[in-house]
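Report on one structure; see the data block that follows.
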Amino acid sequence: MTVTFDEAIARDQRIEPADEMPEGYRKTMIRQIAQHAHSEIIGMQPEGDWITRAPTLHRKAILLAKVQDEAGHGLYLYSAAETLGADRGDLTRRLIEGRQKYSSIFNYPTLSFADVGVIGWLVDGAAICNQVPLCRSSYGPYARAMIRICKEESFHQRQGYELLMTMMRGTPEQRAMVQDAVDRWWWPSLMMFGPPDAESPNTAQSMAWKIKRHTNDELRQRFVDMSVPQAAALGVTLPDPELRWNEARGHHDFGQPDWAELKRVITGGGPMNEERIRRRREADSDGAWVREAAAAHAAKGMS
Ligand code: FAQ
358 MTVTFDEAIA
368 RDQRIEPADE
378 MPEGYRKTMI
388 RQIAQHAHSE
398 IIGMQPEGDW
408 ITRAPTLHRK
418 AILLAKVQDE
428 AGHGLYLYSA
438 AETLGADRGD
448 LTRRLIEGRQ
458 KYSSIFNYPT
468 LSFADVGVIG
478 WLVDGAAICN
488 QVPLCRSSYG
498 PYARAMIRIC
508 KEESFHQRQG
518 YELLMTMMRG
528 TPEQRAMVQD
538 AVDRWWWPSL
548 MMFGPPDAES
558 PNTAQSMAWK
568 IKRHTNDELR
578 QRFVDMSVPQ
588 AAALGVTLPD
598 PELRWNEARG
608 HHDFGQPDWA
618 ELKRVITGGG
628 PMNEERIRRR
638 READSDGAWV
648 REAAAAHAAK
658 GMS
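Heads up, the sequence shown is in our numbering, so the first residue is 358 and it goes up one at a time.
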């Protein structure tokens with residue numbers, strides 16, 4: 358007996374590539390997976406900038422491994438998008454022509470080595486909060502990719518936190534570098550979860566299709582609750598005067614990020630948008646000969 362798409366969703370069964378699915382579901386999945394893949398690949402740049410300037414060989418080896426993991430995540434995700442009929446070359450073109458988005462967070466500069474630690478702690482922390490529920494997302498290849506990605510992201514977060522703990526045990530200058538990085542990355546990290554629910558055009562449908570399991574605001578709250586005790590243990594202050602425990606709600610109250618800034622950054626107006634896309638475009642044209650040679654080699658094997 359064949360199960361319809363709606364029945365499969367109602368029974369919490371996975372949708373697999375060969376299954377019937379509404380065109381809107383396919384389009385939404387390609388949009389989200391492509392945006393996620395682009396984020397991983399563009400996300401290699403802010404930390405990649407510090408590989409040659411890491412303070413020790415040990416830190417350099419860790420950072421190199423982390424940035425390589427991000428490339429791997431991008432590749433699994435492009436493969437997941439291909440199972441829906443998307444073409445990888447076409448997705449890259451859409452990214453470099455500004456027709457597809459990537460996470461706003463990667464449009465900010467990394468000004469000191471403390472930023473590497475804060476990206477691990479807060480940015481990977483936010484990514485984990487958002488992605489652990491996606492391991493139960495309704496589209497099989499995406500949900501399975503998320504399981505491995507989340508394991509690696511957890512390791513990334515711990516390395517960031519450990520780096521910051523080390524700096525906090527260091528000199529007053531090192532502690533000031535950590536605090537400065539936290540001040541710059543806190544609000545952009547909250548923006549990673551997307552616009553407030555009332556202004557999120559996709560959430561209702563994506564929840565109904567069980568692509569998303571929680572709304573943007575629910576996950577943002579979870580992230581704030583998780584980060585407050587971690588900040589205290591580290592000895593840094595989160596730059597939000599409205600942040601306080603609300604006994605009645607059993608959650609922290611917190612201030613709102615600058616939503617106009619999120620809109621600006623998403624639409625290309627962030628501090629590093631142009632640079633990120635310029636470098637991606639250059640990498641794409643520099644690698645064209647490799648793709649052509651691989652395609653020619655594959656064609657020979659088939660004849
Ligand atoms: N940045 O209706 P919604 C990482 C777009 S983690 C840019 O709420 P939705 C790991 C949204 O796409 C980062 N665009 O949309 C790492 C939509 O666009 P449309 C990547 C954003 O999809 C760590 C429009 O605004 N993670 O890379 C943002 O239901 C360290 C309206 O928004 C993922 O992609 C934003 N912050 O919810 C790597 C996770 N927020 O319709 C390196 C998977 C919203 O115009 C170093 N994605 N938009 O095309 C998701 O969970 C969802 O897509 C959301 C947005 C929650 C991001």
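All C-beta atoms, glycine included, are put in the ideal place defined by N, C-alpha and C.
| Item | Value |
| --- | --- |
| Assuming L441 contacts R371 under a Cβ cut-off of 8 angstroms, what Cβ separation, rounded to an integer in Å, is found between them? | The Cβ separation is near 14 angstroms, so there is no contact. |
| Is there contact here, the region 588 to 595 with the region 557 to 574, by at least three beta-carbon pairs under 8 angstroms? | no |
| What three-state label does DSSP hand I568 in the structure shown? | coil |
| Using beta-carbon positions only, say whether L689 and D615 come within less than 9 angstroms of one another. | Because the chain spans 358 through 660 in this model, residue 689 falls outside it and cannot be assessed. |
| Measure the CB-CB distance between H395 and Q488 and report whether it falls below 9 angstroms. | no |
| Does DSSP classify G601 as helix, strand or coil? | In the sequence as presented, Gly is not what sits at residue 601; that position holds Arg. Strand at R601. |
| Considering only heavy atoms of the ligand FAQ, does any lie closer than 8 angstroms to the CB of R388? | yes |
| For the candidate residues M659, G658, K657 and N630, whose alpha-carbon lies nearest to that of Q402? | N630 |
| For Y496, which three-state DSSP category applies? | strand |
| When DSSP builds the beta bridges, which residues end up paired with D444? | DSSP lists no partner for D444. |
| To the nearest angstrom, report how far apart I419 and M522 are at their CA atoms. | 16 angstroms |
| Would you kindly check if the distance between the Cβ of L479 and the Cβ of G517 is under 9 angstroms? | yes |
| Give a yes or no on whether the minimum CB-CB distance between R577 and chain D is below 9 angstroms. | The structure shown has no chain D; it contains just one protein chain. |
| Quick one: is the Cβ of M548 within less than 8 angstroms of any heavy atom of the ligand FAQ? | yes |
| Could you tell me the boundaries of the beta strand (DSSP E) in which D308 lies? | Coverage of the chain is limited to positions 358 through 660, which leaves residue 308 absent and any answer about it impossible. |
| In its own chain, which residues sit with a C-beta less than 6 angstroms from the C-beta of W544, not counting the 5 before and 5 after it? | P614 |
| Can the beta-carbon of A502 be found closer than 9 angstroms to that of S460? | no |
| Which residue from E404, E427 and Q587 puts its Cα closest to that of E510? | E427 |
| If I measure Cβ to Cβ from M525 and keep anything under 7 angstroms in the same chain, skipping five residues before and after, which residues do I get? | R532, V535, L591 and G592 |
| Which same chain residues, not among the five before or five after I623, have their C-beta less than 8 angstroms away from its C-beta? | K458 and S461 |
| Roughly how many angstroms separate the alpha carbons of P598 and V475, rounded to a whole number? | 20 angstroms |
| Per DSSP, what kind of secondary structure is D615 in: helix, strand or coil? | coil |
| Who are H393's beta bridge partners in DSSP? | None, per the DSSP bridge assignment. |
| Within the present structure, is the beta-carbon of N630 separated from the nearest heavy atom of the ligand FAQ by less than 8 angstroms? | no |
| For Q425, does the count of other Cβ atoms within 10 angstroms reach 16, so buried, or fall short, so exposed? | exposed |
| Taking the CB atoms as reference points, tell me whether P490 and R368 lie closer together than 9 angstroms. | no |
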